[in-house]
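Okay, so here's the structure we're looking at.
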Amino acid sequence: MKKRLTEKQDLSEITESQNSISDNTVSEEKSKLIELRGVSKSFDGETVLDSIDLYITGKEFITLLGPSGCGKTTTLRIIGGFEFPDVGDVFFDGVRINDIPPHKRQVNTVFQKYALFPHLNVYDNIAFGLRIAKISENEIKERVSEMLALVNLRGFEKRNVNLLSGGQQQRVAIARALINKPKVLLLDEPLGALDLKLRKDMQVELKNIQTKTGITFIYVTHDQEEALSMSDTVVVMANGKIQQIGSPTDIYNEPVNAFVADFIGESNIIDGVMLADYKVKFAGHVFECLDKGFEKNEQIDVVVRPEDVDVVAVDKGMLTGTVSSVTFKGVHYEIIVDINGFKWMIQTTDYVAPEAKIGLFIEPDAIHIMKKSEYSDMFGDYSSFSEELEHLSDITEDVEE
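To convert, count from 1 in the sequence shown and add 849; that's the numbering used here.
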């Protein structure tokens, strides 16, 4: 069982800490590099950003994470100066920059399509910005050499960029963006076009580059694993609003609502009742938990991660159910268990046969309690997934007929 790594907090404590890295207000103010205050943006009458507040500190790797259409790329473009807020203000080092164009901001951007100059080789692509700034060739040579070393492309100076792999092209784009020494690098899903293995390798490369340079990276992705593996801070977005801000560990272990719990990894999200501090009832059983600060008998959402459930004999289980399906995932088995009509997902290294009766044992630190929200009852029961597969099977049979 994977234990939760952070000490439990009251909901009030979590809320207060959403956009806070330090308890010292003075040091917070000094560390703010970028700040968005009450920023809203609409396109064709549709609200894309709804009054968001966010600050980003220096030397931070921060990721804007969410599904398509949540507002993360628009947020990035507003920081870069490619879009302007309808309402609200953007500050850089305490100075309002709403009307400052992109080329006058201390910000560079790497897009998913790297936009390299096809007629220039690797060296000239990287040197392009310095030549525009009329830097001497001696200094250009020195700084390009530094960038090539940083992105592990020494010896590729004269290579045609069209002959490079996707990962190598991305490194050229990053070197070109960093050579002007911006204070902030914006990255809009730059790994989206890469295959899985190269994508994972580049995640490590990007984090190493950010650590070596000390430049603030603001990264946009819809990939949860990518966000958790690289980031100092994750900003989870949905429907134009920020749902939660925190470290990867906090976001995973302490989701504030059902959307975050479902979007970050797999979750069993069950209706429950908070009987008292440290005591919750769900799935017909009363459990000890580590949460407090809720009203007595308050209706709540319960999150239990699939890897945090132990499969035991029926007579030793807190809950019992019937295995609906078993899928081998390489490292573990993913099993769906029917418990009183609710389909649970369990991840275990032990094989369990379909149709088997099993017990589930859940320890207090595997249970996380959340307030009811607009996302309650939308996620967490894997019966919907099963119904989609059955519907797909029906469609396939109709086509074959």
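Built from N, CA and C at the ideal position, the CB exists for glycine as well.
It should be emphasised that the depicted structure is a prediction, and the values quoted were computed from it without experimental measurement.
DSSP bridge partner residues for residue i (one or two, in chain order)
i, result
"arginine 886", "Asp938"
"aspartate 1150", "Asp1120 and Met1219"
"tyrosine 904", "Glu884"
"alanine 1087", "Lys1090"
"isoleucine 1195", "Ile1184"
"arginine 945", "Phe940"
Per-residue DSSP class, three states only, for residue i
i, result
"serine 861", "Note that serine 861 scores 41 on pLDDT, short of 50, meaning its location in the model is unreliable; the coordinates nonetheless yield the value given after this. Helix, per DSSP."
"aspartate 1099", "helix"
"aspartate 1247", "Caution applies to aspartate 1247, whose pLDDT of 46 falls short of 50 and renders its modelled position unreliable; the value that the coordinates give is listed next. Residue state, collapsed to three classes: helix."
"methionine 1079", "helix"
"valine 1201", "coil"
"tyrosine 972", "helix"
"leucine 895", "Going by the sequence as given, residue 895 is glutamate instead of leucine. It is a strand residue."
"arginine 980", "helix"
"valine 1105", "coil"
"lysine 1128", "strand"
"phenylalanine 910", "strand"
"phenylalanine 933", "coil"
"lysine 962", "coil"
"lysine 953", "helix"
"phenylalanine 1112", "helix"
"aspartate 1226", "coil"
"proline 1263", "Limits of the chain in this structure are 850 at one end and 1250 at the other, which puts residue 1263 out of reach."
"threonine 855", "Residue confidence is low: threonine 855 scores 37 on pLDDT, short of 50, so the model does not pin down where it sits. Its coordinate-derived value is still stated next. Looking at threonine 855 - three-state DSSP - the assignment turns out to be coil, as it is neither helix nor strand."
"isoleucine 870", "Confidence in isoleucine 870 is poor, its pLDDT being 38 and thus under 50, which makes the residue's placement too unreliable to answer from."
"tyrosine 1231", "coil"
Cβ-Cβ separation, residue j to residue i (assumed contact under 8 angstroms), whole Å
i, j, result
"arginine 1048", "leucine 1040", "5 angstroms"
"isoleucine 1218", "valine 1151", "6 angstroms"
"leucine 882", "aspartate 942", "6 angstroms"
"valine 897", "glycine 937", "No, valine 897 and glycine 937 are not in contact; Cβ-Cβ is about 13 angstroms, not under 8 angstroms."
"isoleucine 1207", "valine 1163", "7 angstroms"
"leucine 1027", "valine 1021", "Not quite, the Cβ-Cβ distance comes to about 11 angstroms (not below 8 angstroms), so this is no contact."
"phenylalanine 977", "arginine 1025", "6 angstroms"
"aspartate 1037", "valine 1069", "5 angstroms"
"isoleucine 981", "methionine 996", "Going by Cβ atoms, the distance from isoleucine 981 to methionine 996 rounds to 16 angstroms, so no, they are not a contact pair."
"leucine 1209", "valine 1158", "5 angstroms"
"phenylalanine 1136", "isoleucine 1216", "6 angstroms"
"valine 1201", "valine 1172", "5 angstroms"
"proline 951", "glycine 929", "6 angstroms"
"proline 1203", "valine 1175", "5 angstroms"
"valine 1122", "valine 1085", "That belief does not hold up - the Cβ atoms of valine 1122 and valine 1085 are roughly 27 angstroms apart, past 8 angstroms."
"proline 916", "alanine 1087", "7 angstroms"
"lysine 1007", "aspartate 935", "Actually they are not in contact, since the Cβ atoms of lysine 1007 and aspartate 935 sit about 47 angstroms apart, beyond 8 angstroms."
First through last residue of the alpha helix (DSSP H) which encompasses residue i
i, result
"valine 993", "986–999"
Limits of the unbroken beta strand (DSSP E) element including residue i
i, result
"valine 1010", "No beta strand (DSSP E) contains valine 1010, which DSSP labels as neither H nor E."
"isoleucine 1278", "With the chain covering only 850 through 1250, there is no way to say anything about residue 1278."
"isoleucine 927", "From DSSP, isoleucine 927 is part of no beta strand (DSSP E) but of the alpha helix (DSSP H) over 921–929."
"glutamate 1144", "First-last for glutamate 1144: undefined, no H or E at that position."
"glutamate 1137", "1134–1137"
Residue i beta carbon near the ligand FAD (any heavy atom closer than 7 angstroms)
i, result
"aspartate 1081", "The ligand FAD is absent from the structure shown, which contains no ligand whatsoever."
Below-8 angstroms beta-carbon distance, residue i vs any chain D residue
i, result
"leucine 1002", "Considering every chain present, this structure includes no chain D. It has just one protein chain."
Task: Contiguous beta strand (DSSP E) assignments of at least 3 residues, all confined to the segment 1016–1076 - done: Look at the segment 1016–1076 and you find these whole runs of beta strand (DSSP E), each 3 residues long or longer: 1033–1037 and 1065–1070.
Open item on the list: Extract the residue ranges of the beta strand (DSSP E) inside the segment 1151–1189, only unbroken runs of 3 or more that lie entirely within it.
Closed with: 1159–1161, 1168–1177 and 1182–1188
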